[in-house]
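Written out below as structure tokens is the structure these notes cover.
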Amino acid sequence: MEDDRTTTGNHRGSDESPPQSNHEHTTACVNCGGPTSFPPPPSWSDTSPPTFYRPIRAPAINLPPNNNAQQTIILTPVPVAQHVPVVSPPYHFQAPAKMIHSDDDIRRFRDSDTSKNFVGFVVALSESIRGRKISDPCHESPVVTSIVSILQTLIQFVDEIPPFQQSARYGNLAYRDWHGRMTETADSLTMQFLPAEMSSATVELSPYFTDSFGNSSRIDYGTGHETNFAAWLYCLARLGIITEEDYQAVVVRVFVKYLELMRMLQMVYSLEPAGSHGVWGLDDYHFLPFIFGASQLVDHKHMKPKSIHNEDILENFSKEYMYLSCISFVKKVKKGRLRSIRRCWMILVVCPTGRR
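Here the sequence shown stands for residues 1 to 356, numbered as in the UniProt record's numbering.
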């Protein structure tokens, strides 16, 4: 989610317009001036600007009616950090309800101010740890400490609820017991840091919280559940319970503890990946630690994306950098070479820096 643009030639700024040609292309040979059989090169157009301004990004999901993917990739704005506005009383909390039922609903949500602000919140979290290690000192408010304690309590639940002996590869039924206990205690856990005047907020906060740890019916977990946890943190920011001063600790203390819990649940209860893309996915379960981890490695003097092939680096630094931690965990639970486990990683390693 870092803004990076490729420059070539005279390294013009991105605010300059593409150079205009003052002559017509011909098919004359550049050496002798005689005619050739090759057609003239195409002129630059709005859909294919000069190479000195090419944003580096993945293809957009919702293409415009003309289905011009190249134009969509070029014109889609790079997400930027946004300030999260704090709601003021009187509060009107209500239980979340499913509002997305069609592609039009998805497009409407993506275009909404709330969606853009949520993405901006995630970008702000990412930027708060740019170039920083997990162990670096940071401001830890009582709220952050309380959330970390809550996640540690959920880890203790795992120790108290061992998995059943069963032959199924995925979906240990003991997870439903763990999920049930977590759901029963969600309100009381949340009340540990909620101000008294916001006690009624649990009706809106708890559903995001309980959906952050997987689905008890399917016994699976995926990036949608991870997004629920990010949405829960966003709600706390909207309420002013966590502030921008807390952002670094929210990532390196809260989210890292959440990641520890989720990996334990995945291993102990054999949670099935929800919506996995197989070898073409970054990870069977997670996405955000790659975003945060890439930010940690921006402008790092020694560690580059290709460092994932260095076993010494993975062993010595995976506890300090989330990106390396993700690689180490997948290599731990998967067998085979990286090329066969996660092919998209082979695309990422050619990037020269974490910024791109």
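Positions of the beta carbon are idealized from the N, C-alpha and C atoms, including for glycine.
Within its own chain, the residues whose Cβ lies closer than 7 Å to the Cβ of Thr190, once the five positions on either side in sequence are excluded, are Thr202, Leu205, Ser206 and Phe209, listed in chain order.
In this structure Gly240 does not touch Val123 by the C-beta definition: roughly 20 Å separates them, more than the 8 Å allowed.
Pro77 carries a coil assignment under DSSP once its states are collapsed to helix, strand and coil. Ile150 is positioned such that its CB atom lies no closer than 9 Å to that of Trp178.
Look at the beta carbons and you see the stretch 210–218 touching the stretch 256–272: at least three pairs across the two are nearer than 8 Å. Just so you know, the alpha carbons of Pro142 and Ile242 end up roughly 10 Å apart. Only residues of its own chain outside the window of five on either side were considered, and among them Ile219 and Tyr269 have a CB closer than 6 Å to the CB of Tyr175, listed in chain order. With contacts defined by Cβ atoms closer than 9 Å, Arg181 and Ser295 do not form a contacting pair. Proximity to Phe290 across Leu314, Ala274 and Met322 peaks at Met322, based on C-alpha coordinates. Within the DSSP secondary-structure output, Asn215 pairs in a beta bridge with Asp220. Of all alpha-carbon atoms in Thr153, Asn310 and Val158, the one lying nearest the alpha-carbon of Ala186 is that of Thr153.
Counting only residues of its own chain and dropping the five nearest sequence neighbours on each side, Glu140 has a CB closer than 7 Å to the CB of Ala249 and Arg253. Boundaries cannot be given for Glu320, as no alpha helix (DSSP H) includes it and DSSP labels it neither H nor E. The beta carbons of Gln266 and Tyr285 sit about 6 Å from each other, so the pair counts as a contact at 8 Å. Considering only Leu194, Val119, His309 and Lys331, the residue with the shortest C-alpha distance to Val84 is Val119.
With a cutoff of 9 Å on beta-carbon distance, Glu320 and Ile134 are scored as near each other. Taking 9 Å as the cut-off, the beta carbon of Tyr234 is found closer than this to the beta carbon of Phe121. For Asn228, the CB contacts under 7 Å within the same chain, skipping 5 residues up- and downstream, are Tyr208, Asp211 and Ser212 in chain order. Restricted to the stretch 284–317, not a single beta strand (DSSP E) segment is unbroken, complete and at least 3 residues in length.
Around the beta carbon of Asn316, a 10 Å sphere encloses fewer than 16 other beta carbons of the protein chains shown; the residue is thus reported as exposed. Bounds of the alpha helix (DSSP H) holding Phe157 are Pro142 to Glu160. If you draw a 10 Å sphere on the C-beta of Thr223, you find 16 or more other C-beta atoms in it, and that means buried. No Cβ-Cβ contact shorter than 9 Å links Lys304 with Leu314. Counted as a single uninterrupted DSSP element, the alpha helix (DSSP H) harbouring Ala186 occupies residues Ala174 to Thr190. The Cβ-Cβ distance between Leu288 and Ser307 does not fall below 9 Å. According to DSSP, Glu272 shares a beta bridge with Asp220. Excluding residues up to 5 positions away in sequence, Val84 and Phe121 lie with their Cβ nearer than 7 Å to the Cβ of Ala237 in the same chain.
Phe164 is classed as exposed because its beta carbon has fewer than 16 other beta carbons within 10 Å across all chains shown. Annotation: Leu173 to Tyr221 spans about 14 Å, alpha carbon to alpha carbon. Pro137 sits in coil when the DSSP states are folded into three classes, being neither helix nor strand. For the pair Leu271 and Thr114, the Cα-to-Cα distance works out to about 31 Å.
Going by DSSP, Leu125 is part of the alpha helix (DSSP H) stretching over Asp113 to Ser128. In this model, Gln192 and Thr145 are separated by some 11 Å (Cα to Cα). The beta carbons of Val256 and Leu125 sit no closer together than 9 Å. Per DSSP, the unbroken alpha helix (DSSP H) holding Ile106 starts and ends at Asp103 to Arg110.
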